[in-house]
Amino acid sequence: MRQPFVAGNWKMNGSRASVCELVEGLIQGIDSVTNAAVAVCPSFVYLADVQRMLSDTRIALGAQNLSDREPGAFTGEIAGAMLKDFDCKYVIVGHSERRALYGESDELVARKFTVALENGLTPIFCLGELLQERQQNQTESVIARQLDVILTLPGGVEGLRGAVIAYEPVWAIGTGMSASPAQAQEVHAFIRQRIAKKDAKVAAGVQILYGGSVKPDNAAELFSQADIDGGLIGGASLDAQSFLDICRATSA
Ligand code: 13P
Numbered sequence: 290m291r292q293p294f295v296a297g298n299w300k301m302n303g304s305r306a307s308v309c310e311l312v313e314g315l316i317q318g319i320d321s322v323t324n325a326a327v328a329v330c331p332s333f334v335y336l337a338d339v340q341r342m343l344s345d346t347r348i349a350l351g352a353q354n355l356s357d358r359e360p361g362a363f364t365g366e367i368a369g370a371m372l373k374d375f376d377c378k379y380v381i382v383g384h385s386e387r388r389a390l391y392g393e394s395d396e397l398v399a400r401k402f403t404v405a406l407e408n409g410l411t412p413i414f415c416l417g418e419l420l421q422e423r424q425q426n427q428t429e430s431v432i433a434r435q436l437d438v439i440l441t442l443p444g445g446v447e448g449l450r451g452a453v454i455a456y457e458p459v460w461a462i463g464t465g466m467s468a469s470p471a472q473a474q475e476v477h478a479f480i481r482q483r484i485a486k487k488d489a490k491v492a493a494g495v496q497i498l499y500g501g502s503v504k505p506d507n508a509a510e511l512f513s514q515a516d517i518d519g520g521l522i523g524g525a526s527l528d529a530q531s532f533l534d535i536c537r538a539t540s541a
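Position one of the sequence shown corresponds to residue 290 (this note's numbering), numbered consecutively onward.
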């Protein structure tokens, strides 16, 4: 049985004060979330504050990015070991915003994935197609290409034992236009089947989250799909009550 998992990706949002207020609200309400594992991914600069507040709670900490390098002369970069130093359990890699706006290639994403594992972090590996690719019936080929970059790493499919996958159709991110539960389930099943061709056990165990305009009112139906194990939440994770509602929707 895969445990449901909901992670909040706060992106480049918030102030020190608003982030602390948000964490306070989550701590107060987390006992009402009975079955899902929960994590939040603040901006790097707030990791220390959030780490301090979350110690002794069951909310895990994650980061939104990491360097593909080991510590050294790489101005402006953040190493996996530094994230570990702040008790990060998770790190997002391959988010479409980083692919599209910061030119991250499949190869760079793969190196970040490997470096995350090497540093004892659980990568939340994001993949997803553009609207144009969906309209041209290329969804499966795009997803296959992005996934195969990970499946063909030296560690192979084994790397996915310590990872989480997040399917985030780019057209659904921040648009208010979520994929329908059926559309999302179809891609999640495709991802799981493709992994199963390499290793059925890894495929059965890996958590595959859906991300893209998940809100309290559509979360339960998305999460009830056979291959959807929870969500990676952007906008709706910036409000404690709506994020907690989404976390609770895993048991609906
Ligand atoms: P939204 O929930 O704001 O659509 O963002 C999804 C996302 O990109 C999470 O990583």
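Heads up, the beta-carbon is just placed ideally off N, CA and C, and yes, glycines get one too.
Do residue j and residue i come within 7 angstroms of each other at the CB atom, strictly closer than that value?
i	j	result
Ser540	Asn507	no
Leu420	Trp460	yes
Ile367	Phe333	yes
Asp395	Val446	no
Asp516	Gln496	no
Lys373	Gly409	yes
Arg481	Ala492	yes
Leu498	Ala455	yes
Cys536	Val312	no
Leu436	Asn298	no
Gly451	Thr403	no
Pro505	Asp528	no
Val453	Ala399	no
Ser502	Gly465	yes
Pro293	Asn324	yes
Pro458	Glu418	yes
Phe363	Leu336	no
Asp357	Leu397	yes
Does the Cβ of residue i lie closer than 6 angstroms to at least one heavy atom of the ligand 13P?
i	result
Leu521	yes
Gly297	no
Ser304	no
Ser332	no
Gly351	no
Gly383	no
Gly417	no
Ile462	yes
Gly365	no
Ser531	no
Ser502	yes
Gly524	yes
Considering residue i, what are the terminal residues of the beta strand (DSSP E) in which it resides?
i	result
Lys490	Lys490 -> not in any beta strand (DSSP E); alpha helix (DSSP H) instead, spanning Ala489 to Gly494.
DSSP puts residue i in a beta bridge; with which residues?
i	result
Phe294	Ala326 and Gly519
Ala455	Cys415 and Leu498
Ile381	Ile413
Can you tell me where the alpha helix (DSSP H) holding residue i begins and where it ends?
i	result
Lys401	Asp395 to Glu407
Leu315	Arg305 to Gly318
Ala508	Pro505 to Phe512
Ile480	Pro470 to Ala485
Leu442	Element bounds for Leu442: n/a, residue is neither H nor E.
Ser531	Ala529 to Arg537
Arg423	Leu420 to Gln424
| field | Completely contained beta strand (DSSP E) runs for the stretch 334-369, where each covers 3 or more residues | value | Under the rule that a run must span 3 or more residues, the beta strand (DSSP E) segments found entirely inside the stretch 334-369 read 348-352.
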